[in-house]
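Working notes, structure below.
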Amino acid sequence: MLKGKTALVTGSTSGIGLGIAKALAEQGASIVLNGFGDVDGPKAQIASHGVPVSYHGADMSKPGEIADMMAFAASQFGRVDILVNNAGIQHVARIENFAVERWDAIIAINLCSAFHTTRLALPAMQAAGWGRIINVASVHGLVASAEKSAYVTAKHGLVGLTKVTALENASSGITCNAICPGWVLTPLVQKQVDAKAAALGISNAEATKLLLGEKEPSLQFTTPEELGALAVFFCSAAGNNVRGVAWNMDGGWAAQ
Ligand code: NAD
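Just so it is clear: in the sequence shown, position 248 is 266 by this note's numbering, and no numbers are missing.
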């Protein structure tokens, strides 16, 4: 379905980003990976779908490196047809104890980076008359939790950016939508499970149960594969007129 298209997924060396990159590769898209840590493993997983894959290690907190990455993607594949803004980090503390540099990093990586990639990707999409921009927000783009001020602020902002991007391109073939997951068991959430287990002196399994029970009525994690399938839907012809939505996959979290 996506043969001949190029998808750039930020923060795709792990977790949800890698899951979405794999789902798009399965549909035939060429992939540009980004993120830290192991690169060879994720690259091999994408290449196993028989599609071209490339990698750029831009730090999403640095606008200059983001511009380099967008230019690199265009030089490798002509243009970016599908942009998935996924890179993100978390930090948990009450506002009065929230480290200023953590606040700045979360706003830069989880929110500002999407503005930079989007502004740089749009001109080529507009010239081609087709594009898909998918912002991986969070259920925290719709509702709040205590001790996540920077994250909740960034994700609400990302949902706002999604709507404006959708509106400014509404009469074209370019759509922009947000995905709002609840809990997904990735390294980002494993750290929160570990912290809960340590703080309460309980096992990992008990901490996982508590974490899910506090927020997610299904008591089940959403998987990167399920989120990848939603991204594929947004890229399909059936998604042509889906514009500016913030679609939660959250086990009922935001329905309460
Ligand atoms: P993860 O830690 O598994 O992956 C994060 C990815 O972002 C990694 O590839 C990492 O290398 C990359 N990254 C981090 N900082 C970066 C930077 N400065 N520059 C470039 N890349 C950077 O986390 P995940 O759970 O897969 O999270 C992915 C996205 O999904 C995030 O935006 C997160 O907020 C969102 N999300 C996650 C959950 C969840 O429960 N895991 C729920 C809702 C939303």
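For every residue, glycine included, the Cβ atom is placed at its ideal position computed from N, Cα and C.
(1) Go ahead and pull the three-state DSSP assignment for P199.
(2) If you follow the beta strand (DSSP E) that G231 is part of, which residue opens it and which one closes it?
(3) State the Cα-Cα distance for the pair L179 and F133, rounded to the nearest angstrom.
(4) Report the option in A273, W121, A247 and I38 whose CA atom is closest to the CA atom of L101.
(5) With burial defined as no fewer than 16 other Cβ atoms inside 10 Å of the residue's Cβ, what is the status of F252: buried or exposed?
(6) Buried or exposed, going by whether 16 or more other CB atoms sit within 10 Å of the CB of G96?
(7) Below 8 Å CB to CB, which residues in the same chain sit around K209 once its five sequence neighbours on both sides are set aside?
(8) Should M88 be counted as a contact of ligand 1 given a C-beta to heavy atom distance under 6 Å?
(9) Would the region 190-202 count as touching the region 237-249 if we require 3 or more Cβ pairs under 8 Å?
(10) Take F239 and list the residues in its own chain whose beta-carbon comes closer than 7 Å to its own, dropping the five residues that flank it on each side.
(11) Just to confirm before moving on: does the CB-CB distance between G53 and G33 stay below 7 Å?
(12) Identify every residue that forms a DSSP beta bridge with N266.
(13) Quick one: grab the DSSP three-state call for K166.
(14) Mind listing, in chain order, the continuous alpha helix (DSSP H) runs of no fewer than 4 residues lying wholly within the region 25-105?
(15) M88 to K80, Cα distance in whole Å?
(16) For R150, which three-state DSSP category applies?
(17) With respect to the alpha helix (DSSP H) encompassing G246, which residues constitute its N-terminal and C-terminal limits?
(18) By the DSSP assignment, the alpha helix (DSSP H) with L218 in it spans what residues?
(19) Regarding F133 and ligand 1, is the C-beta to nearest heavy atom distance less than 6 Å?
On the basis of the supplied data:
(1) Three-state DSSP puts P199 in a strand.
(2) G231 -> not in any beta strand (DSSP E); alpha helix (DSSP H) instead, spanning N222 to K233.
(3) One C-alpha to the other measures close to 8 Å.
(4) Comparing Cα-Cα distances from L101 to each of A273, W121, A247 and I38, the minimum goes to I38.
(5) Buried: at least 16 other Cβ atoms inside 10 Å.
(6) Exposed.
(7) If we look at K209 and ignore the five residues flanking it on each side, its Cβ neighbours are Q108.
(8) Of the heavy atoms belonging to ligand 1, none sits nearer than 6 Å to the Cβ of M88.
(9) Here the region 190-202 lies against the region 237-249, with 3 or more beta-carbon pairs under 8 Å apart.
(10) Closer than 7 Å at the Cβ level, and outside the excluded window around F239, lie W201, V202 and L203.
(11) No, they are not a contact pair.
(12) N266 is bridged to C198.
(13) Note: K166 maps to strand in three-state DSSP.
(14) Segments of the alpha helix (DSSP H) lying fully in the region 25-105: 33-44, 58-65 and 81-95.
(15) C-alpha of M88 to C-alpha of K80: approximately 13 Å in a straight line.
(16) In the structure shown, R150 sits in a strand (DSSP, three-state: E or B).
(17) It spans P242 to C253 - the alpha helix (DSSP H) in which G246 sits, taken as one unbroken run.
(18) Under the DSSP assignment, L218 falls in the alpha helix (DSSP H) whose first and last residues are P205 to L218.
(19) For ligand 1, not one heavy atom lies less than 6 Å from the Cβ of F133.
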